[in-house]
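Taken in sequence, the protein lines are chains A and B.
Using my numbering, read the first sequence as starting at 1 and increasing by one per residue.
Using my numbering, read the second sequence as starting at 337 and increasing by one per residue.
Note that beta-carbon positions come from the ideal geometry of N, C-alpha and C, so glycine has one too.
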Amino acid sequence: MKTSFAITALAGSLLFAGGVVASERTEAYVNTLTELGYPAPEDNELVHIPPTMQDLEDSDTHPEFKRVIRRGYDLFTDTQQLRGENVFNDMNCSSCHLGEGRMPFSAPVWPAAVTLPGFRGKNGHVNNLEERIAGCFTYSMNGKPPEYGSDNMLALAAYHQWLAKGVEMYPDKPIYGRGFPAPDRPEELSYANGEKLYQEQCAVCHDENGVGLQVDGKTVFPAPWGDGSNNWGAGMVRVFTAAGFIKNNMPLGQPLSLSDQEAWDIAYYISNQERPQDPRYTGDIKETLEKYGPTFHKHSLYGQARETDGKVLGDHSNTGEKDFLKPDTVRPRTFE
Amino acid sequence: MKFLPITLLAIGAAALPGWASAASEGDPQKGKEAAGVCVACHQADGTGKNNPNGESWPQLAGLNANYIAKQLQDYKSGQRENATMKPFANMLSEQQIADVAAYYSQLTPGQGQGGDSADEATLARGEMLAQRGDWADYIVSCKSCHGPGNQGAGEVFPGIAGQHAGYIEAQLKAWQEGTRTNDTQDLMGTIARRMSDEDIRAVAAWLSTQPPQSN
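Next up, the structure:
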């Protein structure tokens, strides 16, 4: 049944010693994805499917480097080991970056390694890979990033960089499956329909109250809202990002099973629930909105009155489990 | 959690998915009596048996009580079909279902059988599927639903570590063939249908060698 995908995007085959030929791996993944209904790569797109941990083991990479990449992988998939130190919610990096950060349409993380250092609109300055990783710690993990240059930061960066193996730096082509591509926004979004669909299709895992499920202190199903979830500064609070994530990745194992309208309605419902404060909060929601609305919150419901009860979303000083608002890595860089 | 949105409190019981319907309190002591007819297959200690040349009898010891109760209800109603099990499920009243479920959930599980003869490569493949999945075929890791150590997550996702290999294989094949369809939202069926025969054999073998949940 497998339709064959001609790899035009990859020039030559990248051979991993003892491992799978990169082009074969790419073909297998792209065939699976297109059979599931994801778009096939466009001719001008850069298609990259990162190596797996098995490829790492099979390669002749220096044993000490293997050990550090393994540590990065372990931190990425079990970030809860840093709970209370760097992580103050129930998330692992892989809670949002499915398939160990390797999957197209699930914000694969390797593009950061080949596009940074570069300018980021979110903080208005040039960031490197460590600062990008720090961003997800600050917002998505409601936490405090490991120190720049620390063992854990280096191990995570090494894992990201290694996933990009074989890709040119600063590619000109758009990257296939980067981010969480959002379906077209429907004209109307329905809170009531989103709530109904959430209870029918998502609550079995994420709980009817959005707290997810922990077993023996380990996160099985992460919390889509509430204190255990990402804070108001995280990319996922933008309704289009949530819709793109949900459409392409949920329910787990059944991507693209929801219609565009359904994915948006559920995203809208989730986006209307509370979560810990944005670390960039100035102490006043209106002022915060003025500062970060144009670059960020114009896409979220932060500071808006919820249609069902008029509650102003994000108007609180709850920081969740952490006892600080903003880690000191959140600061401007001026290069002066 | 400080913020429980008020709207959520308004969700009535009618809106709750079927799986949330709580099984009535079971009495393990009464369950033990009712389980007298079950021991021929599931064994006196509830650990079941791997039968290489026939239907394996699943280990029930240590499984979540609500999961067990749901399966017995499903056999009774025909939602889950199996000629061997149906008459025994039919014998049980609603109360007895709750009782045997409570009883088996409290027993200490034993080690799974049927995986010892698998070679190293097969076990490695099985471990990969269970712990990391194989995203080349969009096979999500078993543990992402079946919980840490594949020892179960809540009442919907049963423990599968330490279950008998023959039984695990038979269930995955039943999902592939459409003869088991009682899983919530086709969550298990979707994954099973993406697996090859070798994948099924490998993951069943590896899981059977793993420690079952301890209660």
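Inter-residue Cα distance where the pair is residue i and residue j
i	j	result
residue 48(A)	residue 167(A)	7 Å
residue 294(A)	residue 482(B)	42 Å
residue 359(B)	residue 405(B)	Residue placement at residue 359(B) is poorly supported in this model, since its pLDDT is 48, which falls under 50; the coordinates are not used for a value here.
residue 318(A)	residue 421(B)	53 Å
residue 534(B)	residue 519(B)	23 Å
residue 328(A)	residue 146(A)	11 Å
residue 224(A)	residue 212(A)	7 Å
residue 402(B)	residue 493(B)	10 Å
residue 528(B)	residue 475(B)	8 Å
residue 157(A)	residue 417(B)	50 Å
residue 521(B)	residue 287(A)	44 Å
residue 437(B)	residue 538(B)	30 Å
residue 462(B)	residue 484(B)	16 Å
residue 218(A)	residue 229(A)	14 Å
residue 357(B)	residue 491(B)	Only weak support exists for where residue 357(B) lies, its pLDDT of 41 falling under 50; the coordinates are left without a value.
residue 284(A)	residue 525(B)	49 Å
residue 497(B)	residue 399(B)	11 Å
residue 84(A)	residue 282(A)	24 Å
residue 134(A)	residue 233(A)	13 Å
residue 160(A)	residue 278(A)	26 Å
residue 271(A)	residue 464(B)	35 Å
residue 311(A)	residue 273(A)	10 Å
residue 442(B)	residue 432(B)	15 Å
residue 139(A)	residue 511(B)	40 Å
residue 291(A)	residue 123(A)	11 Å
residue 331(A)	residue 241(A)	24 Å
residue 194(A)	residue 82(A)	33 Å
Burial state of residue i, where buried means 16 or more other Cβ atoms lie within 10 Å
i	result
residue 298(A)	exposed
residue 62(A)	exposed
residue 505(B)	buried
residue 259(A)	exposed
residue 445(B)	buried
residue 187(A)	exposed
residue 515(B)	exposed
residue 547(B)	exposed
residue 104(A)	buried
residue 455(B)	exposed
residue 170(A)	exposed
residue 150(A)	exposed
residue 334(A)	exposed
residue 137(A)	buried
residue 305(A)	exposed
residue 221(A)	buried
residue 86(A)	buried
residue 76(A)	buried
residue 130(A)	buried
residue 80(A)	buried
residue 371(B)	buried
residue 337(A)	This structure cannot speak to residue 337(A), because chain A is shown only from 1 to 336.
residue 388(B)	exposed
Cross-strand partners of residue i (DSSP beta bridge)
i	result
residue 219(A)	214(A)
residue 489(B)	493(B)
residue 179(A)	DSSP output for residue 179(A) lists no bridge partner at all.
residue 119(A)	126(A)
residue 305(A)	312(A)
residue 412(B)	In DSSP, residue 412(B) forms no bridge with anything.
residue 393(B)	385(B)
residue 575(B)	Residue 575(B) is absent from the structure shown; chain B starts at 337 and stops at 551.
residue 237(A)	Per DSSP, none; premise fails for residue 237(A).
Cβ separation of residue i and residue j, assumed to be a contact under 8 Å, to the nearest whole Å
i	j	result
residue 466(B)	residue 480(B)	Their Cβ separation, rounded to whole angstroms, is 10 Å, which puts residue 466(B) and residue 480(B) out of contact at 8 Å.
residue 414(B)	residue 544(B)	Residue 414(B) to residue 544(B), Cβ: 29 Å. No contact.
residue 448(B)	residue 395(B)	7 Å
residue 173(A)	residue 45(A)	6 Å
residue 500(B)	residue 384(B)	6 Å
residue 373(B)	residue 424(B)	6 Å
residue 542(B)	residue 102(A)	With a Cβ gap of about 22 Å, residue 542(B) and residue 102(A) do not count as contacting.
7 Å Cβ cut-off: residues of chain E touching residue i
i	result
residue 37(A)	Among the protein chains of the structure shown, namely A and B, there is no chain E.
Residues of the segment 516-532 of chain B with Cβ closer than 8 Å to any Cβ of chain A, in chain order: Flagged, chain order: 520, 521, 522, 523, 526 and 527.
message: So if I threshold CB-CB distances at 7 Å, which residues from the segment 213-232 of chain A count as touching chain B?
response: Of all residues in the segment 213-232 of chain A, 213, 215, 216, 218, 220, 226 and 227 have a Cβ within less than 7 Å of some Cβ in chain B.
query: What residues in the segment 99-125 of chain A bring their beta carbon closer than 8 Å to a beta carbon of chain B?
result: Cβ contacts with chain B: 99, 100, 102 and 103.
query: Listed from N- to C-terminal order along the chain, which residues in the segment 467-478 of chain B have their beta-carbon within a distance smaller than 8 Å of any beta-carbon of chain A?
result: Listed in sequence order: 468, 469, 471, 472, 473, 474 and 476.
Selection of the segment 167-192 of chain A by Cβ proximity to chain B, strictly under 7 Å: Going along the segment 167-192 of chain A in chain order, one finds no residue with a Cβ nearer than 7 Å to chain B.
Residues of the segment 248-279 of chain A whose Cβ lies closer than 7 Å to any Cβ of chain B, in chain order: Contact annotation: in the segment 248-279 of chain A, residues whose CB is within less than 7 Å of a CB in chain B are 251, 252, 253, 254, 273 and 274.
task: Return the residues of the segment 476-506 of chain B that lie within a Cβ-Cβ distance of less than 9 Å from chain A, sorted by chain order.
output: Here the close residues are 476, 479, 480, 481, 482, 483, 484, 485, 487, 488, 489, 490, 492 and 493.
- prompt: If you measure beta-carbon to beta-carbon, which residues of the segment 73-95 of chain A are closer than 7 Å to chain B?
  reply: Result list empty, no residue passes.
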